[in-house]
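Notes follow the structure.
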Amino acid sequence: MTKILGYHWVKSGYGLWLPGDERGHWSSAWDEQIGYIEHHQLHEGDPVRKRMAEELLVRAPVRFSADVREVIKETLLRCESESDWTIAAIAVEETHLHALLTPTKRDIDNVLKWLAQEITKAVHRLSSHTGPVWCRGRWRQYIDDQEHWDNTVNYIESHNQRRDSRVLPAASRQCPS
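Under the numbering used here, the letters of the sequence shown match residues 80 to 256, in that order.
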(Lines of atoms letter the chains of each structure in order from A; the text may use other names.)
(Lines give C-alpha, C1' and ligand atoms only; values in the text may rest on other atoms or scores of the structure.)
Protein backbone atom coordinates (compact mmCIF):
# COMPACT_ATOMS: atom_id res chain seq x y z
CA MET A 80 0.00 0.00 0.00
CA THR A 81 1.29 3.46 -0.93
CA LYS A 82 2.06 5.76 1.96
CA ILE A 83 0.23 9.09 1.74
CA LEU A 84 2.54 12.02 2.51
CA GLY A 85 -0.19 14.64 2.31
CA TYR A 86 -3.01 16.25 0.35
CA HIS A 87 -3.10 19.24 -1.98
CA TRP A 88 -6.44 21.00 -1.57
CA VAL A 89 -7.71 23.69 -3.92
CA LYS A 90 -10.98 25.49 -3.24
CA SER A 91 -12.36 28.19 -5.55
CA GLY A 92 -14.57 31.10 -4.68
CA TYR A 93 -18.21 31.06 -5.73
CA GLY A 94 -18.82 31.59 -9.44
CA LEU A 95 -15.18 31.55 -10.53
CA TRP A 96 -14.48 28.19 -12.15
CA LEU A 97 -17.62 27.21 -13.95
CA PRO A 98 -18.51 24.31 -16.23
CA GLY A 99 -17.24 25.22 -19.69
CA ASP A 100 -14.34 27.35 -18.40
CA GLU A 101 -11.70 27.83 -21.11
CA ARG A 102 -9.00 26.69 -18.65
CA GLY A 103 -10.72 23.31 -18.57
CA HIS A 104 -13.16 22.01 -15.99
CA TRP A 105 -13.96 18.92 -13.95
CA SER A 106 -17.68 19.52 -13.86
CA SER A 107 -20.38 16.98 -14.47
CA ALA A 108 -23.61 18.23 -15.94
CA TRP A 109 -26.55 17.17 -18.03
CA ASP A 110 -28.31 19.23 -20.65
CA GLU A 111 -30.94 17.98 -23.12
CA GLN A 112 -29.28 19.76 -26.05
CA ILE A 113 -25.59 19.16 -25.39
CA GLY A 114 -25.73 15.94 -23.38
CA TYR A 115 -23.88 14.61 -20.37
CA ILE A 116 -20.32 15.45 -19.38
CA GLU A 117 -18.56 12.70 -17.48
CA HIS A 118 -17.27 13.70 -14.07
CA HIS A 119 -13.72 12.95 -12.86
CA GLN A 120 -12.32 13.97 -16.24
CA LEU A 121 -10.77 17.24 -17.36
CA HIS A 122 -12.92 18.74 -20.12
CA GLU A 123 -12.00 21.38 -22.64
CA GLY A 124 -13.56 24.81 -22.54
CA ASP A 125 -17.06 25.11 -23.94
CA PRO A 126 -18.50 28.63 -24.33
CA VAL A 127 -22.10 27.35 -24.54
CA ARG A 128 -21.79 25.38 -21.31
CA LYS A 129 -20.03 28.31 -19.61
CA ARG A 130 -22.80 30.72 -20.63
CA MET A 131 -25.41 28.30 -19.29
CA ALA A 132 -23.52 28.05 -15.98
CA GLU A 133 -23.19 31.84 -15.73
CA GLU A 134 -26.94 32.20 -16.23
CA LEU A 135 -27.53 29.90 -13.25
CA LEU A 136 -25.46 32.00 -10.84
CA VAL A 137 -27.64 33.51 -8.14
CA ARG A 138 -25.02 36.09 -7.11
CA ALA A 139 -21.96 37.75 -8.57
CA PRO A 140 -18.70 35.76 -8.56
CA VAL A 141 -16.72 36.16 -5.34
CA ARG A 142 -13.33 37.86 -5.18
CA PHE A 143 -11.74 37.66 -1.75
CA SER A 144 -10.73 41.06 -0.36
CA ALA A 145 -7.58 41.39 1.73
CA ASP A 146 -9.58 41.16 4.98
CA VAL A 147 -11.42 38.03 3.80
CA ARG A 148 -8.11 36.44 2.73
CA GLU A 149 -6.76 37.12 6.23
CA VAL A 150 -9.86 35.54 7.82
CA ILE A 151 -9.41 32.47 5.60
CA LYS A 152 -5.73 32.13 6.56
CA GLU A 153 -6.38 32.62 10.28
CA THR A 154 -9.28 30.16 10.26
CA LEU A 155 -7.12 27.51 8.56
CA LEU A 156 -4.41 28.01 11.17
CA ARG A 157 -6.98 27.77 13.99
CA CYS A 158 -8.38 24.55 12.53
CA GLU A 159 -4.85 23.19 12.21
CA SER A 160 -4.28 23.79 15.93
CA GLU A 161 -7.35 21.64 16.71
CA SER A 162 -6.36 18.77 14.41
CA ASP A 163 -4.02 15.83 13.92
CA TRP A 164 -2.74 17.24 10.58
CA THR A 165 -0.62 20.31 9.86
CA ILE A 166 -0.49 22.81 7.03
CA ALA A 167 2.80 22.49 5.19
CA ALA A 168 2.06 25.24 2.65
CA ILE A 169 -0.80 27.63 1.98
CA ALA A 170 -1.64 30.38 -0.49
CA VAL A 171 -4.86 32.35 -0.22
CA GLU A 172 -5.55 34.12 -3.49
CA GLU A 173 -8.24 36.59 -4.51
CA THR A 174 -10.12 33.77 -6.27
CA HIS A 175 -9.10 30.52 -4.55
CA LEU A 176 -6.91 28.86 -1.98
CA HIS A 177 -4.22 26.19 -2.07
CA ALA A 178 -3.30 24.20 1.01
CA LEU A 179 -0.89 21.30 1.45
CA LEU A 180 -1.93 19.23 4.44
CA THR A 181 -0.04 16.42 6.14
CA PRO A 182 -1.78 13.05 6.66
CA THR A 183 -4.69 12.65 9.02
CA LYS A 184 -6.35 9.64 10.64
CA ARG A 185 -9.69 11.14 9.66
CA ASP A 186 -11.39 10.87 6.27
CA ILE A 187 -9.73 13.64 4.24
CA ASP A 188 -12.94 14.52 2.40
CA ASN A 189 -14.70 15.11 5.72
CA VAL A 190 -11.75 17.23 6.90
CA LEU A 191 -11.94 19.38 3.76
CA LYS A 192 -15.70 19.77 4.10
CA TRP A 193 -15.23 20.83 7.73
CA LEU A 194 -12.53 23.34 6.74
CA ALA A 195 -14.76 24.90 4.08
CA GLN A 196 -17.63 25.15 6.57
CA GLU A 197 -15.44 26.68 9.28
CA ILE A 198 -14.02 29.22 6.84
CA THR A 199 -17.48 30.16 5.58
CA LYS A 200 -18.75 30.73 9.13
CA ALA A 201 -15.69 32.81 10.01
CA VAL A 202 -15.90 34.89 6.83
CA HIS A 203 -19.55 35.73 7.55
CA ARG A 204 -18.85 36.46 11.22
CA LEU A 205 -15.59 38.43 10.88
CA SER A 206 -15.92 40.33 7.60
CA SER A 207 -18.48 42.32 5.68
CA HIS A 208 -18.85 39.54 3.09
CA THR A 209 -22.34 38.07 2.77
CA GLY A 210 -23.61 35.29 0.54
CA PRO A 211 -21.80 32.25 -0.76
CA VAL A 212 -18.08 31.91 -0.28
CA TRP A 213 -17.18 28.74 -2.22
CA CYS A 214 -18.08 27.06 -5.46
CA ARG A 215 -19.44 23.54 -5.29
CA GLY A 216 -16.93 20.77 -4.92
CA ARG A 217 -13.18 21.03 -4.50
CA TRP A 218 -10.01 19.64 -5.94
CA ARG A 219 -8.02 17.28 -3.75
CA GLN A 220 -4.92 15.41 -4.77
CA TYR A 221 -3.11 12.71 -2.82
CA ILE A 222 0.64 13.25 -2.50
CA ASP A 223 2.57 9.98 -2.25
CA ASP A 224 6.19 10.73 -3.14
CA GLN A 225 8.86 13.28 -2.26
CA GLU A 226 9.11 14.81 -5.74
CA HIS A 227 5.35 15.39 -5.87
CA TRP A 228 5.49 16.91 -2.37
CA ASP A 229 8.36 19.25 -3.33
CA ASN A 230 6.65 20.28 -6.57
CA THR A 231 3.43 21.06 -4.71
CA VAL A 232 5.27 23.15 -2.10
CA ASN A 233 7.04 25.05 -4.88
CA TYR A 234 3.78 25.58 -6.78
CA ILE A 235 1.99 26.93 -3.71
CA GLU A 236 4.99 29.05 -2.75
CA SER A 237 5.06 30.53 -6.28
CA HIS A 238 1.58 31.94 -5.57
CA ASN A 239 2.91 33.63 -2.43
CA GLN A 240 6.03 34.95 -4.17
CA ARG A 241 3.91 36.45 -6.92
CA ARG A 242 2.04 38.42 -4.24
CA ASP A 243 5.22 38.96 -2.15
CA SER A 244 3.51 37.20 0.72
CA ARG A 245 5.14 34.46 2.77
CA VAL A 246 2.50 32.72 4.86
CA LEU A 247 4.40 29.94 6.62
CA PRO A 248 8.06 29.58 7.64
CA ALA A 249 10.20 27.28 5.49
CA ALA A 250 10.58 24.74 8.30
CA SER A 251 6.86 23.97 8.12
CA ARG A 252 7.20 22.84 4.51
CA GLN A 253 9.12 19.69 5.34
CA CYS A 254 7.70 16.45 4.04
CA PRO A 255 6.42 14.14 6.81
CA SER A 256 8.41 10.92 7.05
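All C-beta atoms in this analysis are idealised placements derived from N, C-alpha and C, irrespective of residue type, glycine included.
When the distance is taken between beta carbons, is Gln220 closer than 9 Å to Thr231? Indexing the sequence shown from 1 puts residue 231 at position 152. Indexing the sequence shown from 1 puts residue 220 at position 141. A contact, by the Cβ cut-off of 9 Å.
CB-CB length for Thr154 against Ala201, believed under 8 Å: The residue labelled residue 154 in the question sits at position 75 within the sequence shown. The residue labelled residue 201 in the question sits at position 122 within the sequence shown. With a Cβ gap of about 4 Å, Thr154 and Ala201 count as contacting.
Own chain residues within Cβ distance below 8 Å of Val190, not counting five before or after: Reading the sequence shown from its first residue, position 111 is the one you call residue 190. Close CB contacts of Val190 within its chain, under the 8 Å cut and outside five residues either way in sequence, are with Ser162, Trp164, Leu180 and Thr183 (chain order).
Tell me the DSSP secondary structure of Trp213 in three-state form. Sequence index remark: in the sequence shown, residue 213 carries index 134 (1-based). Here Trp213 carries a strand assignment [DSSP, helix/strand/coil].
Based on DSSP bridge pairs, tell me the residues matched to Gly94. The sequence position of residue 94 within the sequence shown is 15, counting from 1. The partner list for Gly94 (beta bridge, DSSP) is empty, contrary to what the question assumes.
To the nearest angstrom, how far is the alpha carbon of Glu172 from that of Thr81? Here residue 172 is taken as the residue at index 93 of the sequence shown, counted from 1. Here residue 81 is taken as the residue at index 2 of the sequence shown, counted from 1. A direct Cα-Cα distance of roughly 32 Å separates Glu172 from Thr81.
Would you mind stating whether Ala168 and Glu226 have Cβ atoms separated by less than 9 Å? Numbered from its first residue, the sequence shown carries residue 168 at position 89. Numbered from its first residue, the sequence shown carries residue 226 at position 147. Ala168 places its beta carbon 9 Å or farther from that of Glu226.
Applying the criterion that 16 or more other CB atoms from any shown protein chain within 10 Å of the CB defines a buried residue, is Gly92 buried or exposed? Counted from its first residue, the sequence shown places residue 92 at position 13. A residue is called buried once 16 or more other Cβ atoms fall within 10 Å of its Cβ, and Gly92 is buried on that count.
8 Å contact criterion, which Asp223 and Leu84 should meet: CB distance rounded: Numbered from 1 along the sequence shown, position 144 holds the residue referred to as residue 223. Numbered from 1 along the sequence shown, position 5 holds the residue referred to as residue 84. The pair is a contact, with the Cβ atoms about 6 Å apart (cut-off 8 Å).
Counting only the same chain and skipping the five closest in sequence on each side, list residues whose C-beta sits under 6 Å from that of Leu205. In the sequence shown, the residue the question calls residue 205 occupies position 126. Close CB contacts of Leu205 within its chain, under the 6 Å cut and outside five residues either way in sequence, are with Val150 (chain order).
Would you say the beta carbon of Ser160 comes nearer than 8 Å to a heavy atom of the ligand MG? Within the structure as shown, the ligand MG is missing, as the structure has no ligands at all.
Hey, would you say Val141 sits closer than 9 Å to Thr174, going by beta carbons? The residue labelled residue 141 in the question sits at position 62 within the sequence shown. The residue labelled residue 174 in the question sits at position 95 within the sequence shown. Cβ distance < 9 Å, so Val141 and Thr174 count as in contact.
Rounded to whole angstroms, what's the CA-CA distance from Cys158 to Lys152? Just pull it up for me. Counting from one through the sequence shown, the residue named residue 158 turns up at place 79. Counting from one through the sequence shown, the residue named residue 152 turns up at place 73. For Cys158 and Lys152, the gap between their C-alpha atoms comes out near 10 Å.
Whole-angstrom distance between Arg138 and Gly210, CA atom to CA atom: For the purposes of this step, residue 210 is taken as the residue at position 131 of the sequence shown. For the purposes of this step, residue 138 is taken as the residue at position 59 of the sequence shown. Rounded to the nearest angstrom, the two C-alpha atoms are 8 Å apart.
Residue range of the unbroken alpha helix (DSSP H) whose run includes Arg204: The sequence position of residue 204 within the sequence shown is 125, counting from 1. In the DSSP assignment, Arg204 falls within the unbroken alpha helix (DSSP H) covering Ile187 to Leu205.
Helix, strand or coil for Leu180? Go by DSSP, reduced to three states. Along the sequence shown, one-based indexing puts residue 180 at 101. Of the three classes helix, strand and coil, the one that applies to Leu180 here is strand, per DSSP.
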